[in-house]
Amino acid sequence: MMTENDRMWAAGGVFFGGTAALAASTWAGAAAGAALTGETAAPASPLTVYRMVTDWSAVWPHSQTASLIGATLFDVAVVALVVWGLRLAFKWHRNPSSLATLHQVRELTPKHAARTATRLRASLRDTDPKKLAPADRGVLLGDHLPSGTELRGSDEDTFVAIMAPRAGKSTSLAIPVAEEAPGALLMTSNKADVYAATLASRARIGTTWVLDTQGVAQVERQMWWDMIAQAETLEGAERLASHFVTQITSEQADPFWSQAAGDLLVGLFRAAYWDGGTVRDVMKWLSDPAEKAPMRILYQHEPVLAEQVDSSINIAEETQSGIFQNARTAVSALRDERVLAWVTPDTRLPRFDPEHFATSKDTLYLLSKKGGPASAVVAALADAVFTA
392 MMTENDRMWA AGGVFFGGTA ALAASTWAGA AAGAALTGET AAPASPLTVY RMVTDWSAVW
452 PHSQTASLIG ATLFDVAVVA LVVWGLRLAF KWHRNPSSLA TLHQVRELTP KHAARTATRL
512 RASLRDTDPK KLAPADRGVL LGDHLPSGTE LRGSDEDTFV AIMAPRAGKS TSLAIPVAEE
572 APGALLMTSN KADVYAATLA SRARIGTTWV LDTQGVAQVE RQMWWDMIAQ AETLEGAERL
632 ASHFVTQITS EQADPFWSQA AGDLLVGLFR AAYWDGGTVR DVMKWLSDPA EKAPMRILYQ
692 HEPVLAEQVD SSINIAEETQ SGIFQNARTA VSALRDERVL AWVTPDTRLP RFDPEHFATS
752 KDTLYLLSKK GGPASAVVAA LADAVFTA
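Just so we're aligned, residue 392 is where the sequence shown starts under our numbering, counting upward by one.
1. DSSP three-state call for V601: helix, strand or coil?
2. Report the CB separation of V670 from L731 in whole angstroms; it is logged as a contact under 8 Å.
3. From this set, P537, G461, F777 and E430, which residue's C-alpha is nearest R478's C-alpha?
4. So for R739, helix, strand or coil by DSSP?
5. If S580 sits next to L772, beta carbons under 8 Å apart, how far is it from one beta carbon to the other, in whole angstroms?
6. Where does W733 sit, in a helix, a strand or coil, going by DSSP?
7. Mapping DSSP to helix, strand and coil, what is G461?
8. Pick helix, strand or coil for E541, following the three-state DSSP scheme.
9. State the start and end residues of the unbroken beta strand (DSSP E) segment that holds L577.
10. Let me know the secondary structure DSSP gives D534 once reduced to three states.
11. I'd like to know if the segment 760-767 and the segment 551-569 are in contact, where contact means that at least 3 CB-CB pairs between them fall below 8 Å.
12. Compare the C-alpha of G420 against each of G461, W447, M443 and R742 and name the closest.
13. Sorted by chain position, which residues of the same chain lie with C-beta nearer than 8 Å to V440's C-beta, five sequence neighbours on each side aside?
14. Given a cut-off of 8 Å on the beta-carbon distance, is the pair L740 and M614 in contact?
15. Excluding five sequence neighbours on each side, which residues of the same chain lie with their C-beta closer than 7 Å to the C-beta of S766?
16. From this set, G668, W665, R630 and D701, which residue's C-alpha is nearest A681's C-alpha?
17. Counting only the same chain and skipping the five closest in sequence on each side, list residues whose C-beta sits under 7 Å from that of R528.
18. Within 10 angstroms of its Cβ, does N717 collect 16 or more other Cβ (buried), or is it exposed?
19. Can you give me the Cβ contacts of A651 inside the same chain, cut-off strictly under 6 Å, excluding the 5 residues immediately before and after it?
20. Which residues mark the beginning and the end of the alpha helix (DSSP H) in which L656 is found?
21. Just to confirm before moving on: does the CB-CB distance between A697 and P745 stay below 8 Å?
22. Using the rule of at least 16 other Cβ atoms within 10 Å of the residue's Cβ for burial, across every protein chain shown, is S448 buried or exposed?
23. Give the secondary structure of W676 by DSSP, where H, G and I count as helix, E and B as strand, and everything else as coil.
24. Go ahead and pull the three-state DSSP assignment for T710.
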């Protein structure tokens, strides 16, 4: 990148070089015009150039018109050549070899992006790609340099932005994408900036939902999500348990404990679902390994799963205690009443339904600090939306 000093030297070079070239072309053009009339050309020198500026007729007394026409034609040709050369130079400077050419990113150009949008979105299939609004063509990435062509990715693309701190990730990417999103929008963040910037605009499109278990934006709870509803199927219970087990999984730890804790959580989630219970029931069962209620429920509805869970916990007391302790550690975030309130029924507040959200124009903000047990709740809700 050119420094301010470099730009000053470049501007000076262009000015003085252009002046010299224009002076030479003026004399050459005038001399050519004079030659056509038979007049002898004045000598090429700085003095001649000065005299042409101050008294043209004295330099070309017998061919004033012809010399003037010749000088004009030569000057126009030189100016055109200089402009063309500068454009090439600036184009090369703005588009170094490390950047993709427009041909290489042609799938992101308006024409191709419009075609892709009509293919991917059912609501646009009968729309002429040429008549699509820019926002309907896909996710805005920016303008290609040096052509200036707008580039947009499709709704099925994955984007990775590698940018320095304070480089404008939220301002230039996240916020514009959020405001242009045509359907349901799920946003995750560990700061409140994107939430604050887009809340009003997204509220005009649909309902806005916020999960802020860790007080990132200090938002008062205005919704609840039935976490146990995700255990409607065995696969759903396994996916739900996996988000919590991740909290206790490491390369150094014996995988037996995390696997056993995960199996226990799967069984308890399924038992709570069959019994019409909540996460509070799961936490209660975890606190008492001698509690037989969840196993009775499982044997009634899923005997195969019940036998597997039963065999993994009806072992030596020390081992059983270790399994339950690992399971309690995995769901430790749910010991906090402030977190638990977000995932248990509350008749005073609306219930967030992932399946309804997926087909709406609503917005879900998942706010969480980096790491921490509560991040499992955020991951579980995001997974519920993706699998709805």
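Each residue gets a CB set at the ideal place from its N, CA and C atoms; glycine is no exception.
In short:
1. Start at 1 with the first residue of the sequence shown, and residue 601 comes out as number 210. The answer is strand: DSSP assigns V601 an E or B state.
2. Residue 670 sits at position 279 when you count from the first residue of the sequence shown. Residue 731 sits at position 340 when you count from the first residue of the sequence shown. Going by Cβ atoms, the distance from V670 to L731 rounds to 6 Å, so yes, they are a contact pair.
3. Here residue 478 refers to the residue found at position 87 of the sequence shown. The shortest C-alpha separation from R478 is found at P537.
4. For the purposes of this step, residue 739 is identified with residue 348 of the sequence shown, where counting begins at 1. Three-state result, R739: coil.
5. In the sequence shown, the residue the question calls residue 580 occupies position 189. In the sequence shown, the residue the question calls residue 772 occupies position 381. Cβ atoms of S580 and L772 stay farther apart than 8 Å, at about 14 Å.
6. Position 342 of the sequence shown, counting from 1, holds the residue named residue 733. Shown here, W733 sits in a helix according to DSSP, grouped into three states.
7. Stepping through the sequence shown from its first residue, residue 461 is reached at position 70. Helix at G461.
8. Counting from one through the sequence shown, the residue named residue 541 turns up at place 150. Strand at E541.
9. Start at 1 with the first residue of the sequence shown, and residue 577 comes out as number 186. The continuous beta strand (DSSP E) containing L577 extends over residues L576 to S580.
10. Reading the sequence shown from its first residue, position 143 is the one you call residue 534. In the structure shown, the three-state DSSP call for D534 is strand.
11. Flag = no, the segment 760-767 and the segment 551-569 do not touch.
12. By one-based count along the sequence shown, residue 420 stands at place 29. Measuring from the Cα of G420, the nearest candidate turns out to be G461.
13. Indexing the sequence shown from 1 puts residue 440 at position 49. The beta carbon of V440 sits closer than 8 Å to those of A414, T417 and W418, all from its chain and outside the five residues before and after it, given in chain order.
14. For this step, residue 740 is matched to residue 349 along the sequence shown. For this step, residue 614 is matched to residue 223 along the sequence shown. Taking 8 Å as the Cβ cut-off, L740 and M614 qualify as a contacting pair.
15. As a working mapping, residue 766 is identified with position 375 in the sequence shown. Sequence-distant Cβ neighbours of S766 in its own chain, meaning closer than 7 Å and more than five residues away, are S759.
16. In the sequence shown, counting from the first residue as 1, residue 681 sits at position 290. If you compare the alpha carbons of G668, W665, R630 and D701 with that of A681, the shortest gap goes to D701.
17. The count along the sequence shown starts at 1 and reaches residue 528 at position 137. Same-chain partners within the cutoff: P501, A504, A505, A508 and R543.
18. Within the sequence shown, the letter at position 326 stands for residue 717. So N717 counts as buried.
19. What you label residue 651 is simply residue 260 of the sequence shown in a count that begins at 1. Taking A651 as the centre and dropping the five residues before and after it, the same chain places the C-beta of S703 and I714 closer than 6 Å to its C-beta, in chain order.
20. To locate residue 656, count along the sequence shown from 1; it is residue 265. For L656, the enclosing alpha helix (DSSP H) begins and ends at P646 to W665.
21. Numbered from its first residue, the sequence shown carries residue 697 at position 306. Numbered from its first residue, the sequence shown carries residue 745 at position 354. No.
22. Counting from one through the sequence shown, the residue named residue 448 turns up at place 57. Exposed, because fewer than 16 other Cβ atoms sit within 10 Å of the Cβ of S448.
23. Looking up residue 676 in the sequence shown gives position 285. Here W676 carries a helix assignment [DSSP, helix/strand/coil].
24. Locating residue 710 in the sequence shown gives position 319, counting from the first residue. When secondary structure is reduced to three states using DSSP, T710 falls in the helix class.
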